[in-house]
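Each residue of the sequence shown is one higher than the last, beginning at 33 in the numbering used here.
A virtual CB, placed ideally from N, CA and C, is assigned to each residue, including glycine.
Below: one structure, written as structure tokens.
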Amino acid sequence: MEGLGLVDGKFVGLDEYVVPIEDRGHLFGDGVYEAVVVWGSKPFMVVEHMERMFNSAALIRMDLPYTLEELIKFHLQLIEKTGFEEALIYSQFTRGVAPRKHPFPLEVKPRLSMTIRPWVRLDSNLKINGAKAVLLPDERWLKCNIKSLNLLGNVLAKQTATENGCFEAILHRDGYVTEGSSSNVFVVKDSVIYTAPTSNKILAGITRGVILKLAQENNLILKEETFSPDFLLAADEVFLTGTTTEIMPIVSVNNQAIGDGRVGTISKILHEVYMNIIARECHLLP
Ligand SMILES: Cc1ncc(COP(=O)(O)O)c(C=O)c1O
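Right, dumping it as structure tokens:
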């Protein structure tokens, strides 16, 4: 099975036409989304992801028609129905269906659609040897804390990165690095880890949150502080975090080596500890 869909609680094939022509997600990108990775048939950090979905929805004044428990149940149903052990579950709420007008009718019911697909992990060579990134101006809107369906700024930045043979676009605004097009950015300088503080300019990544905790537990110094693109270029290490990105070491930015151009020690340690957490939480360990 290549995957399965679920629309408002009903299973559908991935190739079924299920989007009404006047769905506001379809017309305006009016909605919010989440992505959860499944390991050992367990949806990793699904509660945190669904809590963030409620938070994003509240920030765009959308009342979700399901409870947290129901959303978790849908995840479990998709896993059970497909039997996938490693998968990616994507879920989105659109504001619902209404004639195309910018102001939204308050009585419209948001629509949930979800997909599950087998998860093909990133090439392990990238983790071992490190990946390349490019610095680009952050041209997105100023509510990047909302996991909005509107991703054009991110899409265009990632496309530029890809066309330049890079894994990620690292964005900067007002003289400071914000985040990647689909990841959070960390740098290490003189054994201190830095990442941008949470604000309207970045998404508070779930993986970012795990790294903050892990740094503390492992006696690593981590500062949530803004830093410039020049500071990043002069850093000893750079790494990205994200649900699908996991912990990705970056060894070159704008074709310039970071540190000695090899994966740094702190990036390696955090990657290892993070993968151990997944193994533990998803019962992959004996
Ligand atoms: C813009 C952006 N920042 C950060 C992240 C990382 O967030 P998380 O760790 O919750 O996946 C993502 C993930 O999709 C993202 O799209």
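Contact test: E139 Cβ vs ligand 1 heavy atom, cutoff 7 Å: Taking the first residue of the sequence shown as position 1, residue 139 is located at position 107. False, no ligand heavy atom lies under 7 Å from that Cβ.
Near ligand 1: L235 beta-carbon under 7 Å from a heavy atom: Here residue 235 is taken as the residue at index 203 of the sequence shown, counted from 1. Yes, the Cβ of L235 comes within 7 Å of a heavy atom of ligand 1.
Proximity test, G274 beta-carbon vs ligand 1 heavy atom, cut-off 7 Å: Translated into the one-based positions of the sequence shown, residue 274 becomes position 242. G274: yes, Cβ under 7 Å from ligand 1.
F136 - partner residues in DSSP beta bridges: Locating residue 136 in the sequence shown gives position 104, where the first residue counts as 1. F136 is not bridged to any residue.
As assigned by DSSP and simplified to three states, the class of A228: Working through the sequence shown from its first residue, we reach residue 228 at position 196. Three-state DSSP puts A228 in coil, outside helix and strand.
Segments of 4+ residues assigned as alpha helix (DSSP H) that fall wholly inside the segment 98-168: 100-114 and 156-161
Beta-ladder partner(s) of F43, from DSSP: As a working mapping, residue 43 is identified with position 11 in the sequence shown. According to DSSP, which records beta bridges pairwise, F43 is partnered with L38.
S214: CB within 7 Å of a non-hydrogen atom of ligand 1: Numbered from 1 along the sequence shown, position 182 holds the residue referred to as residue 214. Yes, ligand 1 has a heavy atom inside 7 Å of this Cβ.
Distance cut-off 7 Å: T194 Cβ against heavy atoms of ligand 1: Numbered from its first residue, the sequence shown carries residue 194 at position 162. It does not: the Cβ of T194 is nowhere closer than 7 Å to a heavy atom of ligand 1.
Closer than 7 Å: N186 CB and nearest ligand 1 heavy atom: Residue 186 sits at position 154 when you count from the first residue of the sequence shown. Checking the Cβ of N186 against ligand 1 gives yes.
Coil, strand or helix - Y29 by DSSP: Any answer about residue 29 is impossible in this case: the structure gives the chain only from 33 up to 318.
Minimum length 3: unbroken beta strand (DSSP E) runs contained in the segment 255-283: For the segment 255-283, whole beta strand (DSSP E) runs of length 3 or above, ordered along the chain, are 269-274.
Bridge partner(s) assigned by DSSP for A289: Reading the sequence shown from its first residue, position 257 is the one you call residue 289. The partner list for A289 (beta bridge, DSSP) reads S284.
One or two residues paired with A247 in a DSSP bridge: On the sequence shown, position 215 is the one that residue 247 refers to. A247 is not bridged to any residue.
Proximity below 8 Å, CB of I225 to CB of I253: Here residue 225 is taken as the residue at index 193 of the sequence shown, counted from 1. Here residue 253 is taken as the residue at index 221 of the sequence shown, counted from 1. Yes, the Cβ-Cβ distance between I225 and I253 is below 8 Å.
First and last residue of the uninterrupted alpha helix (DSSP H) at G185: Along the sequence shown, read from residue 1 onward, the residue named residue 185 stands at position 153. Counting along the chain, the unbroken alpha helix (DSSP H) around G185 starts and ends at L184 to E195.
Within 8 Å, strictly: CB atoms of R132 and E195: Counting from one through the sequence shown, the residue named residue 132 turns up at place 100. Counting from one through the sequence shown, the residue named residue 195 turns up at place 163. Against a cut-off of 8 Å, the Cβ pair of E195 and R132 comes out as no contact.
Whole-Å CB distance - R149 paired with A189, under 8 Å assumed: In the sequence shown, counting from the first residue as 1, residue 149 sits at position 117. In the sequence shown, counting from the first residue as 1, residue 189 sits at position 157. Not confirmed; about 24 Å, so no contact.
Segment limits, alpha helix (DSSP H) that includes N87: If you number the sequence shown from 1, residue 87 lands on position 55. Segment V78 to L91, the alpha helix (DSSP H) holding N87.
Simplified DSSP state of L59, which is helix, strand or coil: Here residue 59 corresponds to residue number 27 of the sequence shown, with the count starting at 1. Helix at L59.
Residue environment, K179, which counts as buried when at least 16 other CB atoms sit within 10 Å: The sequence position of residue 179 within the sequence shown is 147, counting from 1. Buried, because 16 or more other Cβ atoms sit within 10 Å of the Cβ of K179.
Local Cβ density within 10 Å of K233, reported as buried at 16 or more and exposed below that: Along the sequence shown, read from residue 1 onward, the residue named residue 233 stands at position 201. It counts as buried.
Paired residues, beta bridge with R205 - DSSP: By 1-based counting over the sequence shown, the position of residue 205 is 173. Paired residues: Y208.
Cβ-Cβ separation, H204 to L167 (assumed contact under 8 Å), whole Å: Within the sequence shown, the letter at position 135 stands for residue 167. Within the sequence shown, the letter at position 172 stands for residue 204. About 6 Å separates the two Cβ atoms, so the contact holds.
Proximal residues to E171 (C-beta, below 7 Å), its chain only, five neighbours per side dropped: The residue labelled residue 171 in the question sits at position 139 within the sequence shown. Correct list, in chain order: G185.
Residue range of the beta strand (DSSP E) that includes K221: For the purposes of this step, residue 221 is taken as residue 189 along the sequence shown, with counting starting at 1. K221 -> beta strand (DSSP E) spans N216 to K221.
Close beta carbons around T114, own chain, < 8 Å, minus the five adjacent residues each side: Looking up residue 114 in the sequence shown gives position 82. Counting only Cβ-Cβ distances below 8 Å, and skipping sequence neighbours, we find M33, G35, L36 and I148.
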